[in-house]
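**Q**
In this note's numbering, the protein residues as written are 184 to 391.
1) If you follow the beta strand (DSSP E) that residue 237 is part of, which residue opens it and which one closes it?
2) Is it buried or exposed, residue 237, if we count other Cβ atoms within 10 angstroms and call 16 or more buried?
3) Going by DSSP, name the residue or residues bridged to residue 275.
4) In the DSSP assignment, find the unbroken beta strand (DSSP E) run with residue 208 in it and report its ends.
5) Output the residue ranges of the alpha helix (DSSP H) runs that lie fully inside the region 287 to 334 and measure 4 residues or longer, sorted by chain position.
6) Considering only residues of the same chain and omitting the five flanking positions on each side of residue 250, which have a CB-CB separation below 6 Å?
7) Check whether the region 272 to 287 and the region 346 to 358 touch, using three or more Cβ-Cβ pairs below 8 Å as the test.
8) How about residue 291 and residue 349: are their beta carbons less than 8 Å apart?
9) At which residues does the alpha helix (DSSP H) containing residue 257 begin and terminate?
10) At the level of alpha carbons, what is the spacing between residue 307 and residue 199?
11) State the DSSP-derived secondary structure class of residue 261, mapped to helix, strand or coil.
12) Between residue 352 and residue 346, what straight-line distance do the alpha-carbon atoms span, to the nearest angstrom?
13) Can you tell me whether DSSP reads residue 148 as helix, strand or coil?
Rendered as structure tokens:
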């Protein structure tokens, strides 16, 4: 996974007070997208107690984007008790930085590569102009700086995804809001309702 969103997910989990043993986040999945999917499958087969497994990755210019997405979409993971686990690709097109950009405002302008730049380069340029002027791929603290505008980002992501579907495109889109953010927030509410945050023993989810 992209180092920035690995750290952002870890920071989100810690901010919600979720047990790292129940919400496992790893970036040690290999460099190709299909290796991310395969790593998630192998990890689940070793520990088949997770209710949800998410593979978080960018479209960018990865040649195996469709292969990885199809593998995740067609694979059924079964928990130790026989129930199916949710196995989901959390994608961003062209990249995770589009999700960060949506914290600043609604934006559905498509992003394209050039001969010298990846499709993510103009997203990062827009992000720097809109909010995080010192943004870099390896920087820390992105979640903390974006947190006050999280609800706005969720609303903008939902709206942008609907617009993309209506237009028959995926550029730009992000699914970060659909499962990752909402699942963690629901997990926190569930734990507080049951007053069992420290004793929440059933693994909730894994992110690869």
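In this text, a Cβ means the ideal position worked out from N, Cα and C, and glycines have one as well. These numbers were taken from a predicted model, which means no experiment stands behind them.
**A** In terms of the structure at hand:
1) Note, residue 237: beta strand (DSSP E), 235 to 241.
2) With at least 16 other beta carbons inside 10 angstroms of its own, residue 237 counts as buried.
3) When beta bridges are read from the DSSP output, residue 275 appears opposite 241 and 357.
4) In the DSSP assignment, residue 208 falls within the unbroken beta strand (DSSP E) covering 206 to 208.
5) Qualifying alpha helix (DSSP H) stretches, in chain order: 303 to 313 and 325 to 329.
6) Within the same chain, Cβ atoms closer than 6 Å to the Cβ of residue 250 are found at 217, the five residues on either side in sequence being excluded.
7) Touching, per the Cβ criterion.
8) The answer is no: Cβ separation not under 8 Å.
9) Where residue 257 is concerned, the enclosing alpha helix (DSSP H) stretches over 248 to 257.
10) In a straight line, the C-alpha of residue 307 is about 27 Å away from that of residue 199.
11) Strand, per DSSP.
12) Cα to Cα, the separation comes out at about 9 Å.
13) The displayed coordinates of the chain run from 184 to 391. Any statement about residue 148 would go beyond what the structure contains.
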